[in-house]
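Enquirer: Using my numbering, the letters of the sequence shown map in sequence onto residues 385 to 618. Just so you know, even glycine gets a beta-carbon here, dropped at the ideal spot from N, CA and C. One structure is given below, represented as structure tokens, and several questions about it will come after.
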Amino acid sequence: MQMGQIGSAGERQLQSEYGTEDRAAKFYSDQMLDHLNPMMIEFIGRQEIAFIATADASGECDNSLRAGTPGFMHVIDSTTLAYPEYRGNGVMASLGNIRENPHVGIILVDFVQDLIGLHVNGSARIVEDPVLRSEIADLPADHTNGRIPERWVVVEVEEAYIHCRKHIPRMAPVPRHREWGTDDVKRKGGDYFDAKATPRHDTDDQFAEEPATAALTQTMSPGFSVVPAGTSGN
């Protein structure tokens with residue numbers, strides 16, 4: 385998105401080609417903000433799951449899951465939010481992309497109560513936990529199983545807008561115990577997709593010789609079950 389213009393040049397071109405300018409203009413004017421309003425802030429404060437999209441300097445994309453107890457994604461003010469990064473599999477794909485390219489896209493989805501989603505797009509930076517904690521007095525200190533973040537991703541909000549409920553399934557939380565802070569392959573899911581034994585197309589020895597293990601989700605991921613349409617699930 386260019387500064388001062390809502391929507392990308394590509395969006396505008398396709399809207400013109402497919403004749404959707406009027407619908408798009410209404411969405412931009414009615415639904416898209418450049419900050420978080422009180423209802424968005426309240427919504428973020430009760431979510432347990434966020435999907436984070438990043439890309440490196442060349443535009444190669446990655447999408448990752450972050451999760452935790454309600455409030456794990458902390459709203460600092462109407463234009464700034466932060467989420468924690470814990471010890472994970474050591475790859476740091478999302479953080480590596482942010483180091484090269486600060487643009488991030490976040491979507492939070494309420495699968496349980498309101499069946500609605502919120503997009504938050506912005507510019508991110510990486511801040512070590514002690515540094516951010518010294519700057520933000522109310523930064524959450526109560527984390528699952530006593531885990532402390534190693535660092536935070538701080539996002540300056542540029543766009544915030546609704547994701548409609550049309551295709552969001554209703555789910556119901558179910559109790560699920562997680563063990564965190566382990567390098568035990570089995571506890572992390574083992575080689576669930578049989579990647580270790582699958583021949584690679586590349587010929588780079590450094591990848592061919594390294595065992596592939598299932599990635600460890602970096603924060604608490606609650607369990608959910610899908611509730612059939614027509615039932616409340618509450």
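Buried or exposed: Leu492, going by 16 or more other Cβ atoms within 10 Å of its Cβ?
Expert: Counting from 1 along the sequence shown, the entry for residue 492 is found at position 108. Buried: at least 16 other Cβ atoms inside 10 Å.
Enquirer: Can you tell me the Cα-Cα spacing of Pro559 and Glu484, whole angstroms?
Expert: Mapped onto the sequence shown, residue 559 falls at position 175. Mapped onto the sequence shown, residue 484 falls at position 100. Distance between the alpha carbons of Pro559 and Glu484 is about 38 Å.
Enquirer: When burial is assigned at 16 or more other CB atoms within 10 Å of the CB, is Tyr470 buried or exposed?
Expert: Here residue 470 refers to the residue found at position 86 of the sequence shown. Buried is the call here.
Enquirer: Going by beta carbon distance, what residues of the same chain come within less than 8 Å of Ser507, once the five residues before and after it are set aside?
Expert: By one-based count along the sequence shown, residue 507 stands at place 123. The answer, listed in chain order, is Pro486, His487, Val488, Val539, Glu540 and Glu542.
Enquirer: Counting pairs of Cβ atoms below 8 Å between the segment 397-413 and the segment 445-462, do you hit three or more?
Expert: Judged by Cβ distances under 8 Å, the segment 397-413 makes no contact with the segment 445-462, as fewer than three pairs qualify.
Enquirer: If you drop the 5 nearest sequence neighbours on each side, which residues of the same chain put their C-beta closer than 8 Å to that of Ile482?
Expert: Indexing the sequence shown from 1 puts residue 482 at position 98. Once the five neighbours on either side are set aside, the close Cβ partners of Ile482 are Thr438, Val488, Ala508, Arg509, Ile510 and Val537.
Enquirer: Thinking just about the alpha-carbon of each residue, which of Ala556, Ser478 and Pro583 is nearest to the one in Pro441?
Expert: Here the question's residue 441 lines up with position 57 in the sequence shown. For clarity, residue 441 is Ala in the given sequence; the question names Pro instead. Checked all of Ala556, Ser478 and Pro583; the closest Cα to Ala441 is Ser478.
Enquirer: Could you have a look at Pro595 and say whether DSSP puts it in helix, strand or coil?
Expert: Along the sequence shown, read from residue 1 onward, the residue named residue 595 stands at position 211. Residue placement at Pro595 is flagged as unreliable, the pLDDT there being 46, under the threshold of 50; a coordinate-derived value is accordingly withheld.
Enquirer: To the nearest angstrom, how far is the alpha carbon of Lys624 from that of Leu502?
Expert: Examination of residue 624 is not possible in this model, given that the chain is present from 385 through 618 alone.
Enquirer: Can you name the residues that DSSP bridges to Asn447?
Expert: In the sequence shown, the residue the question calls residue 447 occupies position 63. Bridge partners of Asn447: Ala437.
Enquirer: Just the C-alpha distance for Gly480 and Lys570, rounded to the nearest angstrom, thanks.
Expert: To locate residue 480, count along the sequence shown from 1; it is residue 96. To locate residue 570, count along the sequence shown from 1; it is residue 186. Rounded to whole angstroms, Gly480 to Lys570 spans 26 Å at the Cα level.
Enquirer: Pull up the CB-CB distance for Ile490 and Ile552, whole angstroms please, since I reckon it's below 8 Å.
Expert: The count along the sequence shown starts at 1 and reaches residue 490 at position 106. The count along the sequence shown starts at 1 and reaches residue 552 at position 168. So it is not a contact: roughly 16 Å between Cβ atoms.
Enquirer: Please report the Cβ distance between Ala544 and Leu449, rounded to the nearest whole angstrom; I am assuming they are in contact, meaning their Cβ atoms lie under 8 Å.
Expert: Your numbering for residue 544 matches position 160 in the sequence shown. Your numbering for residue 449 matches position 65 in the sequence shown. So it is not a contact: roughly 20 Å between Cβ atoms.
Enquirer: Is it right to say Gln602 is buried, meaning 16 or more other beta carbons lie within 10 angstroms of its own, or is it exposed?
Expert: Here residue 602 refers to the residue found at position 218 of the sequence shown. No answer about Gln602 holds up, because its pLDDT of 41 lies below 50 and its placement is not dependable.
Enquirer: Quick one: what does DSSP say Pro533 is sitting in, helix, strand or coil?
Expert: Taking the first residue of the sequence shown as position 1, residue 533 is located at position 149. In the structure shown, Pro533 sits in coil (DSSP, three-state: anything other than H, G, I, E or B).
Enquirer: Which residue from Ala434, Gly573, Asp494 and Leu465 puts its Cα closest to that of Cys548?
Expert: The count along the sequence shown starts at 1 and reaches residue 548 at position 164. It is Asp494 whose Cα lies nearest to the Cα of Cys548.
Enquirer: Given this structure, state the Cα-to-Cα distance separating Leu417 from Tyr576, to the nearest angstrom.
Expert: Here residue 417 refers to the residue found at position 33 of the sequence shown. Here residue 576 refers to the residue found at position 192 of the sequence shown. Taking the straight line from one Cα to the other gives about 41 Å.
Enquirer: When we look at the beta-carbon of Met604 and count the other beta-carbons within 10 Å, is it buried (16 or more) or exposed?
Expert: Numbered from 1 along the sequence shown, position 220 holds the residue referred to as residue 604. Reliability fails at Met604, whose pLDDT of 40 lies under 50, so the model's placement of it is uncertain and the value that follows must be treated cautiously. Answer is buried; the Cβ neighbour count reaches 16.
Enquirer: Identify the continuous beta strand (DSSP E) that holds Pro454 and give its terminal residues.
Expert: One-based indexing of the sequence shown puts residue 454 at position 70. First-last for Pro454: undefined, no H or E at that position.
Enquirer: Would you grab the beta carbon distance between Val475 and Ala556 for me? Rounded to a whole angstrom, and I think it's under 8 Å.
Expert: Here the question's residue 475 lines up with position 91 in the sequence shown. Here the question's residue 556 lines up with position 172 in the sequence shown. At roughly 32 Å, the Cβ-Cβ gap does not stay under 8 Å, so Val475 and Ala556 are not in contact.
Enquirer: Quick check on the DSSP output: the beta strand (DSSP E) that includes Pro468 runs from which residue to which?
Expert: On the sequence shown, residue 468 is found 84 positions in, with the first residue counted as 1. Counting along the chain, the beta strand (DSSP E) containing Pro468 begins and ends at Thr464 to Glu469.
Enquirer: Give the range of the beta strand (DSSP E) segment to which Asp494 is assigned.
Expert: In the sequence shown, the residue the question calls residue 494 occupies position 110. First-last of the beta strand (DSSP E) with Asp494: His487 to Asp494.
Enquirer: So, with DSSP's three-state summary, where would you put Arg483?
Expert: Stepping through the sequence shown from its first residue, residue 483 is reached at position 99. Helix, per DSSP.
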